[in-house]
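Some notes on the structure that comes next.
Residue numbers (our numbering), protein chains in the order written: chain A, 1 to 135; chain B, 1 to 283.
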């Protein structure tokens, strides 16, 4: 099975670098899957689960939020705002964050900025707990 | 110091000694934090470099590209993001950056987004319009805070609340030198290809180049803010380290001169006592 060079970069450093058979992630326009020998490509990432199939065929899952995906001359770069492997996700924290966001969303008369923040937090928490639960 | 009693001098020496202990401790803390701050900058750098490369590629490869983020508008109001420290005792760090901002904003209509307690206090005093006071602690700001700052800025810019965003931060040149600087965040500066130059390789954008561009810009802004914040934190620590080093040296010198005075006073007292005893014996 042919592979390609994959780099996963986040603001906290390099999350992954090596050969992969394929990578699947959610973009702002839906899920995409990149296979070897893809043409040059750029898209922005949404919020969702990412699946990386490594050289030996094992599949690793991760929560991948924001950023972009580029393919240039056969090298795939996943530049994500947050990228956490499923086994690294702090489930308790995600659940706590989800509950907190829900309690804010339930209240009436919250200021719109708070509401936006709470919605974003809820989305992130849902992605994280979804990935962590389906390891 | 002449005429002060031995007890007074002794007390002074003790108080200067304890001050010196504090300044020494602060210097050590600043040095170790500085190392961490520099590591943080280096770790995050590749991420933002890739974003920047993608953004300039998009503009460069299609000539008829347009985005609200690159549209130049006549500037009526400017938003300044000012990054200063949370605490004093860092030499001229806070004063320099606030002075640089004041020099540039004179007579202009502005609003500010202060980061750091000293910046917030300064603009509250000068009664400048403040966008948000949420980011008062520069030391506690994380990457995700930078993303919310960037979103807030981009939203205000698109809504037309201000026509330009500038970022004031302190550039970490070296351990001994920190330079306040002000850069433009929005509208983005773009390099258009020369007409007739060779076309670049084709790249597929999904859903299309403008959507991708507009989705990435807030992240890129966040990157710039984060980078500037890291630089500023490093500068603050560097400035504090230098200031504390100087303070420790001054305290050392002071202790030396005080000890000299103390010994002189002690000697004078002994001499006087001997004279008195001799005079008493002769009488």
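The C-beta atom is built at its ideal place from N, Cα and C for all residues, glycine as well.
Rounded C-alpha distance that separates residue i from residue j
{"i": "residue 30(B)", "j": "residue 177(B)", "result": "15 Å"}
{"i": "residue 124(B)", "j": "residue 141(B)", "result": "20 Å"}
{"i": "residue 46(B)", "j": "residue 70(A)", "result": "14 Å"}
{"i": "residue 16(B)", "j": "residue 259(B)", "result": "11 Å"}
{"i": "residue 110(A)", "j": "residue 104(A)", "result": "8 Å"}
{"i": "residue 320(B)", "j": "residue 64(A)", "result": "No answer is possible for residue 320(B): the residues shown for chain B start at 1 and end at 283."}
{"i": "residue 189(B)", "j": "residue 245(B)", "result": "41 Å"}
{"i": "residue 367(B)", "j": "residue 32(B)", "result": "The structure shown does not extend to residue 367(B), since chain B is modelled only from 1 through 283, so no value can be given for it."}
{"i": "residue 217(B)", "j": "residue 71(B)", "result": "13 Å"}
{"i": "residue 8(A)", "j": "residue 133(A)", "result": "22 Å"}
{"i": "residue 1(B)", "j": "residue 261(B)", "result": "Confidence at residue 1(B) is low in this model, with a pLDDT of 43, below 50, so its placement is unreliable and no value can be given for it."}
{"i": "residue 9(B)", "j": "residue 85(B)", "result": "36 Å"}
{"i": "residue 215(B)", "j": "residue 243(B)", "result": "43 Å"}
{"i": "residue 226(B)", "j": "residue 14(A)", "result": "17 Å"}
{"i": "residue 6(A)", "j": "residue 207(B)", "result": "22 Å"}
{"i": "residue 94(B)", "j": "residue 103(B)", "result": "14 Å"}
{"i": "residue 187(B)", "j": "residue 68(B)", "result": "8 Å"}
Residue-chain proximity (residue i, chain A), Cβ-Cβ < 9 Å
{"i": "residue 170(B)", "result": "no"}
{"i": "residue 69(B)", "result": "no"}
{"i": "residue 51(B)", "result": "yes"}
{"i": "residue 143(B)", "result": "yes"}
{"i": "residue 46(B)", "result": "yes"}
{"i": "residue 209(B)", "result": "yes"}
{"i": "residue 1(B)", "result": "Because residue 1(B) sits at a pLDDT of 43, beneath the cut-off of 50, its placement in the model cannot be relied upon, and the following sentence gives the value as read from the coordinates. So no, residue 1(B) is outside the interface."}
{"i": "residue 256(B)", "result": "no"}
{"i": "residue 57(B)", "result": "yes"}
{"i": "residue 66(B)", "result": "no"}
{"i": "residue 43(B)", "result": "yes"}
{"i": "residue 182(B)", "result": "no"}
{"i": "residue 81(B)", "result": "no"}
Presumed contact (8 Å Cβ cut-off) between residue i and residue j, rounded CB distance
{"i": "residue 163(B)", "j": "residue 38(B)", "result": "Their Cβ separation, rounded to whole angstroms, is 35 Å, which puts residue 163(B) and residue 38(B) out of contact at 8 Å."}
{"i": "residue 105(B)", "j": "residue 251(B)", "result": "Actually they do not touch by this definition, with Cβ atoms about 38 Å apart."}
{"i": "residue 27(A)", "j": "residue 82(A)", "result": "Not confirmed; about 15 Å, so no contact."}
{"i": "residue 79(A)", "j": "residue 50(B)", "result": "5 Å"}
{"i": "residue 7(B)", "j": "residue 248(B)", "result": "Not quite, the Cβ-Cβ distance comes to about 26 Å (not below 8 Å), so this is no contact."}
Span of the alpha helix (DSSP H), counted from its first residue to its last, around residue i
{"i": "residue 125(B)", "result": "117 to 125"}
{"i": "residue 67(B)", "result": "Where residue 67(B) is concerned, there is no enclosing alpha helix (DSSP H), given that its DSSP letter is neither H nor E."}
{"i": "residue 274(B)", "result": "209 to 282"}
{"i": "residue 35(B)", "result": "6 to 61"}
{"i": "residue 145(B)", "result": "143 to 158"}
{"i": "residue 120(A)", "result": "112 to 133"}
{"i": "residue 96(B)", "result": "93 to 105"}
{"i": "residue 93(A)", "result": "91 to 106"}
Proximity test, Cβ basis, 9 Å: residue i and chain B
{"i": "residue 108(A)", "result": "no"}
{"i": "residue 28(A)", "result": "yes"}
{"i": "residue 128(A)", "result": "no"}
{"i": "residue 23(A)", "result": "no"}
{"i": "residue 52(A)", "result": "no"}
{"i": "residue 44(A)", "result": "yes"}
{"i": "residue 76(A)", "result": "no"}
{"i": "residue 105(A)", "result": "no"}
{"i": "residue 115(A)", "result": "no"}
{"i": "residue 93(A)", "result": "no"}
{"i": "residue 112(A)", "result": "no"}
{"i": "residue 48(A)", "result": "no"}
{"i": "residue 14(A)", "result": "yes"}
{"i": "residue 18(A)", "result": "no"}
{"i": "residue 40(A)", "result": "yes"}
Opening and closing residue of the beta strand (DSSP E) in which residue i lies
{"i": "residue 76(A)", "result": "75 to 85"}
{"i": "residue 61(A)", "result": "59 to 72"}
{"i": "residue 184(B)", "result": "178 to 186"}
{"i": "residue 27(A)", "result": "13 to 27"}
Residue i CB to nearest heavy atom of the ligand COA below 8 Å
{"i": "residue 113(B)", "result": "Ligands are entirely absent from the displayed structure, and the ligand COA is therefore not among its contents."}
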